[in-house]
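When the letters of the sequence shown are read in order and numbered with the numbering used here, they come out as residues 25 to 515.
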Amino acid sequence: MSKPFNMRRLIHRSVLGGLSGLALCLVSWTILYRPQWAGLTPRHLGHAHELWADVPFAEPEQFWGWLAEENKRIRGGEETRRMSWGALKSQGAKATVRENLRDDRRYLLSALSGGFTNEFMSMSNVIYLAHESNRIPILMPFMGHESQFGGPPLHDLAVSDVFDLRLASAHLGGMPIVELHELVAQDYQQHRHKVTKFDGEFEQEDASGRTLVPGDLIVAEPAGQEILGCWNYALTHGRPLMFRQFNDVQWVPIPKAVYANDDDATEFGADLVKISSFMRDAQAVPEESLQTLDQLDRQRPSVLPDPRLFCIDEVFWYIDQPQRWHRHAEWHSGSGAWAAVGKHVRYQPALVRLADEYLLHAFGMGSDQSLPPFFAVHIRRGAATTTEHYAHAAWEVLRDIKELLNIDIQRIIFTTDERDPEWRAPLLSYGWHFVDHDAAGTSERFGHWMPTLLDTVILSRATGFLGTADSTCEPHDLYAYLLLADKLDQD
Numbered sequence: 025m026s027k028p029f030n031m032r033r034l035i036h037r038s039v040l041g042g043l044s045g046l047a048l049c050l051v052s053w054t055i056l057y058r059p060q061w062a063g064l065t066p067r068h069l070g071h072a073h074e075l076w077a078d079v080p081f082a083e084p085e086q087f088w089g090w091l092a093e094e095n096k097r098i099r100g101g102e103e104t105r106r107m108s109w110g111a112l113k114s115q116g117a118k119a120t121v122r123e124n125l126r127d128d129r130r131y132l133l134s135a136l137s138g139g140f141t142n143e144f145m146s147m148s149n150v151i152y153l154a155h156e157s158n159r160i161p162i163l164m165p166f167m168g169h170e171s172q173f174g175g176p177p178l179h180d181l182a183v184s185d186v187f188d189l190r191l192a193s194a195h196l197g198g199m200p201i202v203e204l205h206e207l208v209a210q211d212y213q214q215h216r217h218k219v220t221k222f223d224g225e226f227e228q229e230d231a232s233g234r235t236l237v238p239g240d241l242i243v244a245e246p247a248g249q250e251i252l253g254c255w256n257y258a259l260t261h262g263r264p265l266m267f268r269q270f271n272d273v274q275w276v277p278i279p280k281a282v283y284a285n286d287d288d289a290t291e292f293g294a295d296l297v298k299i300s301s302f303m304r305d306a307q308a309v310p311e312e313s314l315q316t317l318d319q320l321d322r323q324r325p326s327v328l329p330d331p332r333l334f335c336i337d338e339v340f341w342y343i344d345q346p347q348r349w350h351r352h353a354e355w356h357s358g359s360g361a362w363a364a365v366g367k368h369v370r371y372q373p374a375l376v377r378l379a380d381e382y383l384l385h386a387f388g389m390g391s392d393q394s395l396p397p398f399f400a401v402h403i404r405r406g407a408a409t410t411t412e413h414y415a416h417a418a419w420e421v422l423r424d425i426k427e428l429l430n431i432d433i434q435r436i437i438f439t440t441d442e443r444d445p446e447w448r449a450p451l452l453s454y455g456w457h458f459v460d461h462d463a464a465g466t467s468e469r470f471g472h473w474m475p476t477l478l479d480t481v482i483l484s485r486a487t488g489f490l491g492t493a494d495s496t497c498e499p500h501d502l503y504a505y506l507l508l509a510d511k512l513d514q515d
């Protein structure tokens, strides 16, 4: 038997030696000839079956409720235990965040910042930090940005609407995970998250004193006034991040001791090991932090950070080994928070089902057929690389997949936010398939979140993947790349 090879070695091969690998390798191609795509003919959206014909609603507002029920159906109708089991005093959102937190547990609250991939990385860091500091993570929702989705302001999206965190929790010893909508109602929440079904963990009464029984519905209390005292990583270098979910947050700079490079918070980010150690022992606010506020000519807060509820603006820039890795190289290596948390996170099965149905439809196959191996390419709008360079790079990767893995892939599909059909036309002429959300009416049927989400799921389903180099802020590349690299390393 031949010795197994590490897929990341293939992925990180030098560009000078040929752009081979299953992701993250499009930088500056100078190849001037057009690849030959033997056996492939121009293809468009397939017609083997009507796309999403069995999705039984017409309004986007109904989609997420249907998706939750579909997740349950795919799992065989099982009622999964709430992820926050054991972490709260009772069920149902209260007037303030603190009201439903247990006195004998400690918690971590932090924003998920940036675009979708950055929010995923932030989420993984929050869970990882909470575990390392013996706290319970409180996950804020994914925020909808009009600039990213090209539509009107969006509702926030609960993490559990997109990801199944049960495997990650189990990997971390069954650690509870709380979502913000379980604690307090928010303006940007979907209405369905303001009502919860009682599951019987506690003896609990409704407002009239009646004892609740499993299945009873609990309506969130109106949000009240609450001042949060929070730590701030960005304050000292001019990027204070505010929590739009809260109307009154008072900030204290995080101690410089947690920076990876002494006083510099920007070059290397911050140290996960240092911040987790600080979080474990956080009691009083260091005088250094208050003096920093004086130096920045900022008023000292009337409410200081709470040792029980460790609130911090963001943890996106924190990595495990900042002196070894620069910025997000640790993520590309597959270590740190990815190894501890991210690789154990799964898309909700109903999202996978919708993505697979789109793929079968695009390939001209029936909805009852098995999904064949395929190669996925993500192209970022405005990239200097031409379609011919993308095509040649894909051809080289497919050649390597065939030689090294003995997998002959005949289908290629690409996702892009490039709206110009003339720019996409050469790729279609090679026989590539295009994830065309305009033709599918994805936004109209499911809302503005779904084109981005379906693209990320589609890319993660591929046998091979080609993305954009160092695209840390790109909402598609990193998660698909890491999932694929881990999957192939295990095979």
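Yeah, the Cβ is synthetic: ideal placement off N, Cα and C, and Gly gets one too. Since we're looking at a predicted model, the values are computed, not measured.
Validate contact between the stretch 97–113 and the stretch 193–204 using beta carbons, cut 8 Å, 3 pairs = yes
Alpha helix (DSSP H) containing residue 470: first to last residue?
-> 466–470
Below 7 Å CB to CB, which residues in the same chain sit around residue 304 once its five sequence neighbours on both sides are set aside?
-> 157 and 158
Beta carbon of residue 296 nearer than 8 Å to that of residue 344 = yes
Collapsed DSSP secondary structure at residue 457 in the structure displayed | strand
Excluding five sequence neighbours on each side, which residues of the same chain lie with their C-beta closer than 6 Å to the C-beta of residue 440?
-> 403
Beta carbon of residue 487 nearer than 8 Å to that of residue 433 | yes
Three-state secondary structure (DSSP) at residue 445?
-> helix
Specify the secondary structure class of residue 157 as computed by DSSP and reduced to three states.
-> coil
In chain order, what residues of the same chain lie with their CB nearer than 8 Å to the CB of residue 89, ignoring the 5 residues before and after it?
-> 216
So does the stretch 240–252 actually touch the stretch 306–319, counting three or more Cβ pairs closer than 8 Å?
-> no
Would residue 60 be called buried (16 or more neighbouring beta carbons within 10 Å of its own) or exposed?
-> In this prediction, residue 60 has a pLDDT of 45, which is less than 50 and means its spatial position is unreliable; what the coordinates show is noted afterwards. By the neighbour-count rule (16 or more Cβ atoms within 10 Å), residue 60 is not buried but exposed.
Starting from residue 338 and walking both ways along the alpha helix (DSSP H), at which residues does that stretch end?
-> Element bounds for residue 338: not the alpha helix (DSSP H) but the beta strand (DSSP E), 333–338.
Please go through the same chain and pick out, in chain order, the residues whose beta-carbon is closer than 8 Å to the beta-carbon of residue 334, but skip the five residues on each side of it.
-> 130, 131, 132, 133, 157, 159, 255, 303 and 306
Contact the stretch 225–243 vs the stretch 176–193: 3+ CB pairs below 8 Å = no
For residue 113, the three-state DSSP class (helix, strand or coil) = coil
Taking only the alpha-carbon atoms, compute the straight-line gap between residue 196 and residue 358 and give it to the nearest angstrom.
-> 17 Å
Relative to the alpha-carbon of residue 397, which residue among 426, 166 and 275 has its alpha-carbon at the smallest distance?
-> 426
Is residue 249 helix, strand or coil by DSSP?
-> coil
Span separating the alpha-carbon of residue 446 from that of residue 409 | 15 Å
Out of 364, 387 and 113, state which residue places its alpha-carbon closest to the alpha-carbon of residue 152.
-> 364
Nearest-angstrom Cα separation, counted from residue 146 out to residue 120 = 24 Å
Quick one: Cα of residue 166 to Cα of residue 477, how far?
-> 12 Å
How many angstroms separate the CA atom of residue 393 from the CA atom of residue 384?
-> 8 Å
For residue 220, which three-state DSSP category applies?
-> strand
Would you kindly work out how many angstroms separate the C-alpha atoms of residue 116 and residue 124, rounded to a whole number?
-> 9 Å
Put residue 402 into one of helix, strand or coil per three-state DSSP.
-> strand
Distance between beta carbons of residue 279 and residue 238, contact taken as under 8 Å = So it is not a contact: roughly 46 Å between Cβ atoms.
Whole angstroms is fine: what's the gap from residue 214's alpha carbon to residue 180's?
-> 7 Å
Under 8 Å between the Cβ atoms of residue 253 and residue 282?
-> no
Of all the options 411, 91, 86 and 329, which has the alpha carbon lying nearest to the alpha carbon of residue 449?
-> 411
Can you give the Cα-Cα distance for residue 50 and residue 451, rounded to whole angstroms?
-> Confidence at residue 50 is low in this model, with a pLDDT of 32, below 50, so its placement is unreliable and no value can be given for it.
Provide the residue(s) that pair with residue 256 in DSSP beta bridges, ordered along the chain.
-> 277
Starting from residue 302, follow the alpha helix (DSSP H) in both directions and report where the run begins and ends.
-> 296–305
Determine the DSSP secondary structure at residue 89, reduced to helix, strand or coil.
-> helix
Near residue 374, what residues of its chain come up, given a Cβ to Cβ distance below 7 Å and the 5 sequence neighbours on each side ignored?
-> 91, 94, 95 and 98
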